[in-house]
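Residue numbers (my numbering): 326 to 455. Below is one structure, written out as structure tokens, with a few remarks after it.
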Amino acid sequence: MYRAVTRNIEVQVRPFYLEDRSDPSENRYVWGYQVTIDNRSDEFVQLLSRYWHITDGRGRVEEVRGAGVVGDQPELNPGDSYQYTSGCPLSTPSGIMVGHYTMRNGRGETFDVAIPAFSLDMPGTRRTVN
326 MYRAVTRNIE
336 VQVRPFYLED
346 RSDPSENRYV
356 WGYQVTIDNR
366 SDEFVQLLSR
376 YWHITDGRGR
386 VEEVRGAGVV
396 GDQPELNPGD
406 SYQYTSGCPL
416 STPSGIMVGH
426 YTMRNGRGET
436 FDVAIPAFSL
446 DMPGTRRTVN
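So, in structure tokens, the structure goes:
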């Protein structure tokens, strides 16, 4: 489990390899990841957008930006949690993802909440981080 906290909003990520959707002989490796967002602050927030910086095992970078997550822009009152699952295909057996969510509070202020860096490793392999 990977974890980051920004302004009392905690983001936890649990990645997992999807063997049944991967085909190493075709250089196709697929991971799922479950994200839990806990609003531990004392204010309402809404998740507006996401940004991902994805690096594969060869150092190639893909950036992904978009509205909300899995078609939703969840609203979280103090004490609320939101959980979703998504996926990421790569052409290498390992990689790293990191990013942020852009949130808006009840006063209309927008701010970024960190998504912790997490590794995508095919079982039986380990990525060396320099």
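Quick reminder that beta carbons are idealized off the backbone N, C-alpha and C, glycines included. For clarity, every value in this text was computed on a predicted model and none was experimentally measured.
query = What is the rounded straight-line gap between the Cα of residue 374 and the Cα of residue 348?
reply = In a straight line, the C-alpha of residue 374 is about 31 angstroms away from that of residue 348.
request  = Name the two residues that bound the continuous beta strand (DSSP E) containing residue 402.
outcome  = Here residue 402 belongs to no beta strand (DSSP E), and DSSP marks it neither H nor E.
ask   = Going along the chain, which residues of its own chain have a beta-carbon closer than 6 angstroms to the beta-carbon of residue 455, five neighbours each way excluded?
value = Confidence at residue 455 is low in this model, with a pLDDT of 47, below 50, so the placement of that residue should be treated as unreliable; the coordinate-derived value is given next. If we look at residue 455 and ignore the five residues flanking it on each side, it has no Cβ neighbours.
message = Suppose the cutoff is 7 angstroms on Cβ atoms and the five residues either side in sequence are ignored; what does the same chain contact list for residue 436 look like?
response = 332, 428.
query = Among 365, 393, 379, 433, which one has its Cα closest to the Cα of residue 441?
reply = Of 365, 393, 379, 433, the smallest CA-CA separation from residue 441 is found for 379.
message = Tell me which residue opens and which closes the beta strand (DSSP E) that residue 394 is part of.
response = Segment: none, residue 394 is in no beta strand (DSSP E) and carries neither H nor E.
query = Which of helix, strand or coil does DSSP assign to residue 328?
reply = Strand.
task = Could you say which of 392, 433, 398, 418 lies nearest to residue 446 if we only look at CA atoms?
result = Minimum Cα distance to residue 446 is reached at 418.
ask   = Looking only at C-alpha atoms, which of 377, 364, 382 sits nearest to residue 392?
value = Its Cα nearest to that of residue 392, the residue 377 stands out among 377, 364, 382.
ask   = Taking DSSP as the reference, what is the three-state secondary structure of residue 353?
value = DSSP places residue 353 in strand when its eight states are reduced to three.
key: Beta-bridge partners of residue 380, as assigned by DSSP   = Under the DSSP definition of a beta bridge, residue 380 partners with 386, 421.
query = residue 341: buried (16+ other C-beta within 10 angstroms of its C-beta) or exposed?
reply = Residue 341 comes out exposed.
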